[in-house]
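**Student:** Just so we're aligned, residue 2 is where the sequence shown starts under this note's numbering, counting upward by one.
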Amino acid sequence: MKKYLALLSILVVLCMSISMVALGAPDAPDSVSNNNSSSNEYELPKIPLNGSSSSEDNSNTSGNNDPSGDNNSSSNNSSLPESDSEFETPGVPMSDVTTAKPKVSLSKCTVSGIANKTYTGKALTQKITVKYGKKTLVNKTDYTVTYKNNTKVGTATVTITGKGSYKDKITKTFKINPKNTTLSKVTSPKSKQIKATWKKYTTQTTGYQVQIATNASFTKNTKTVTVSKNKTTSTVIKKLKGKKKYYVRLRTYKTVGKTKYYSSWTKAKTVTTKK
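(1) Would you call the CB atoms of K193 and K240 closer than 8 Å?
(2) Can you tell me which of I195, C110 and Y262 puts its alpha carbon nearest to the alpha carbon of K275?
(3) To the nearest angstrom, how far is it from the Cα of A101 to the Cα of G165?
(4) Can you tell me which residues form a DSSP beta bridge with A269?
(5) Give the straight-line distance between the Cα atoms of K173 and T160, rounded to the nearest whole angstrom.
(6) Using a threshold of 8 Å, state whether the C-beta atoms of N231 and T207 are closer than that.
(7) I'd like the span of the beta strand (DSSP E) that includes T111, first residue to last.
(8) Put L8 into one of helix, strand or coil per three-state DSSP.
(9) Should T253 be labelled buried (16 or more other beta-carbon atoms within 10 Å of its own) or exposed?
(10) Throw me the rounded Cβ distance for the N150 and T158 pair, which I believe falls under 8 Å.
(11) If you reduce the DSSP assignment to three classes, tell me which class I106 lands in.
(12) Output yes or no for whether 8 Å exceeds the beta carbon distance between Q212 and T223.
(13) Which residues mark the beginning and the end of the beta strand (DSSP E) in which V187 is found?
(14) Going by Cα to Cα distance, which pick from T234, T260 and S106 is closest to Y167?
(15) Between the alpha carbons of T152 and K244, how many angstroms are there, rounded?
(16) Assuming A214 and Y248 are in contact, meaning their beta carbons sit under 8 Å apart, how far apart are those beta carbons, in whole angstroms?
(17) Cβ of K104 within 8 Å of Cβ of G163?
(18) What residue range is occupied by the uninterrupted beta strand (DSSP E) comprising T172?
(19) Starting from Q210, follow the beta strand (DSSP E) in both directions and report where the run begins and ends.
(20) Can you tell which of K191, K201, Y133 and Y148 has the C-alpha that lies nearest to the C-alpha of K242?
(21) Can you say whether K268 is buried or exposed, counting buried as having 16 or more other CB atoms within 10 angstroms of its CB?
(22) Return helix, strand or coil for L125, following the three-state DSSP convention.
(23) Alpha carbon to alpha carbon, what distance is there between I238 and T271?
(24) Keeping to the same chain, check which residues put their C-beta closer than 6 Å to that of T147; ignore five residues upstream and five downstream.
(25) When the Cα atoms are used, what is the spatial distance from K293 to T183?
(26) Grab me the residues of D143's own chain with a C-beta within less than 8 Å of its C-beta, minus the 5 sequence neighbours each way, in chain order.
(27) With S166 as the anchor, note down where its beta strand (DSSP E) starts and where it stops.
(28) With a threshold of 7 Å on Cβ separation, who are the neighbours of K109 within its own chain once the five nearest residues in sequence on each side are excluded?
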């Protein structure tokens, strides 16, 4: 650093000397005397390579270097930085500068809490849990949730969109099934027949299904009858075994496009057929 300061000082003095000659310094004498004390002879000041000079040299040059006229012996050392820290952004140490962490894709997360719903006439939502490993993400901080087609019977869509430190989207679906009705009674009006009667329910339904079996788990001698009109309130099932105990249950359904959506089954009722 001292070598740089010495070179800089030499350049300054050279520039000053050239300026003085240009401004009207006397011409050099025709003959040069061996006497070094001649008043017409100019001599450049000697500047040591270590960047320091005598107090007299400093007093003669500092005024020309500083336009304000302030003679400060330390002015020659203030033009260059003394350490790398002077290149840092003020107030922000280089050690504190960090790069942004890459965002985590939601495809690496697990989603739970999505289940099928029963029609209520209102927009239906889910109690969703999103986890990245063992960390549980926070709704509205790490992700947002939006729904589509979540009011009527059919298939609803839920979209989970990353936020903050998380990116990308996860799309899930769930079914909205029709509400069930009430199985009013079951009888055997004639030999080997069963009649099922129920309460009419037409909201978001297409029709009904009646199922019978000879055991409570509906795995033996099972038979299912579909009633395609939702205004119908009863049906008769024929060609059964006489004097046989049957279990009977009912559910509603709705057709959306080519897909049927079913309600849950009613509680089963029992009846014994006539001989």
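Using N, Cα and C, we set each Cβ at its ideal position, and we do this for glycine too.
Keep in mind that this is a model prediction, so the values were computed, not measured.
**Tutor:** Quick answer:
(1) Numbered from 1 along the sequence shown, position 192 holds the residue referred to as residue 193. Numbered from 1 along the sequence shown, position 239 holds the residue referred to as residue 240. Yes, Cβ-Cβ distance for K193 and K240 is below 8 Å.
(2) The sequence position of residue 275 within the sequence shown is 274, counting from 1. Ranking the options by Cα distance to K275, first place goes to I195.
(3) If you number the sequence shown from 1, residue 101 lands on position 100. If you number the sequence shown from 1, residue 165 lands on position 164. Whole-angstrom Cα-Cα distance: 12 Å.
(4) Within the sequence shown, the letter at position 268 stands for residue 269. DSSP output for A269 lists no bridge partner at all.
(5) Counting from 1 along the sequence shown, the entry for residue 173 is found at position 172. Counting from 1 along the sequence shown, the entry for residue 160 is found at position 159. If I take the Cα positions, the gap works out to 6 Å.
(6) Here residue 231 refers to the residue found at position 230 when the sequence shown is read from its first residue. Here residue 207 refers to the residue found at position 206 when the sequence shown is read from its first residue. For N231 and T207, yes; Cβs fall inside 8 Å.
(7) In the sequence shown, counting from the first residue as 1, residue 111 sits at position 110. Run containing T111: T111 to S113, per the beta strand (DSSP E) assignment.
(8) For the purposes of this step, residue 8 is taken as residue 7 along the sequence shown, with counting starting at 1. It is helical.
(9) Looking up residue 253 in the sequence shown gives position 252. So T253 counts as buried.
(10) Position 149 of the sequence shown, counted from the start, is the residue given in the question as residue 150. Position 157 of the sequence shown, counted from the start, is the residue given in the question as residue 158. Contact flag correct, Cβ pair sits at about 6 Å.
(11) By one-based count along the sequence shown, residue 106 stands at place 105. The identity of residue 106 in the sequence shown is Ser, whereas the question assumes Ile. If DSSP states are grouped into helix, strand and coil, S106 belongs with the strands.
(12) In the sequence shown, residue 212 corresponds to position 211, counting from 1. In the sequence shown, residue 223 corresponds to position 222, counting from 1. Cβ distance < 8 Å, so Q212 and T223 count as in contact.
(13) Here the question's residue 187 lines up with position 186 in the sequence shown. Counting along the chain, the beta strand (DSSP E) containing V187 begins and ends at L184 to T188.
(14) As a working note, residue 167 is residue 166 in the sequence shown. Taking only the C-alpha atoms, the option nearest Y167 is S106.
(15) Against the sequence shown, residue 152 aligns to sequence position 151. Against the sequence shown, residue 244 aligns to sequence position 243. Using only the alpha carbons, I get a separation of about 46 Å.
(16) Residue mapping note: residue 214 aligns to position 213 of the sequence shown, counting from 1. Residue mapping note: residue 248 aligns to position 247 of the sequence shown, counting from 1. The pair is a contact, with the Cβ atoms about 5 Å apart (cut-off 8 Å).
(17) Walking along the sequence shown from the start, residue 104 turns up at place 103. Walking along the sequence shown from the start, residue 163 turns up at place 162. Yes, the Cβ-Cβ distance between K104 and G163 is below 8 Å.
(18) Along the sequence shown, one-based indexing puts residue 172 at 171. K170 to N178 is the extent of the beta strand (DSSP E) around T172.
(19) What you label residue 210 is simply residue 209 of the sequence shown in a count that begins at 1. Unbroken beta strand (DSSP E) run through Q210: G208 to A214.
(20) Looking up residue 242 in the sequence shown gives position 241. Among K191, K201, Y133 and Y148, the Cα nearest to that of K242 is on K191.
(21) Reading the sequence shown from its first residue, position 267 is the one you call residue 268. K268 should be labelled exposed.
(22) Position 124 of the sequence shown, counted from the first residue, corresponds to residue 125. L125: coil per DSSP, three-state reduction.
(23) By 1-based counting over the sequence shown, the position of residue 271 is 270. By 1-based counting over the sequence shown, the position of residue 238 is 237. Roughly 14 Å separates the two Cα atoms.
(24) Walking along the sequence shown from the start, residue 147 turns up at place 146. Cβ within range, chain order: T160.
(25) With the chain running from 2 to 276 in the structure shown, residue 293 is simply not present.
(26) Indexing the sequence shown from 1 puts residue 143 at position 142. Cβ within range, chain order: V131, G163, K164, G165, S166 and Y167.
(27) By 1-based counting over the sequence shown, the position of residue 166 is 165. Careful: S166 lies outside any beta strand (DSSP E) and carries neither H nor E.
(28) What you label residue 109 is simply residue 108 of the sequence shown in a count that begins at 1. If we look at K109 and ignore the five residues flanking it on each side, its Cβ neighbours are Y133.
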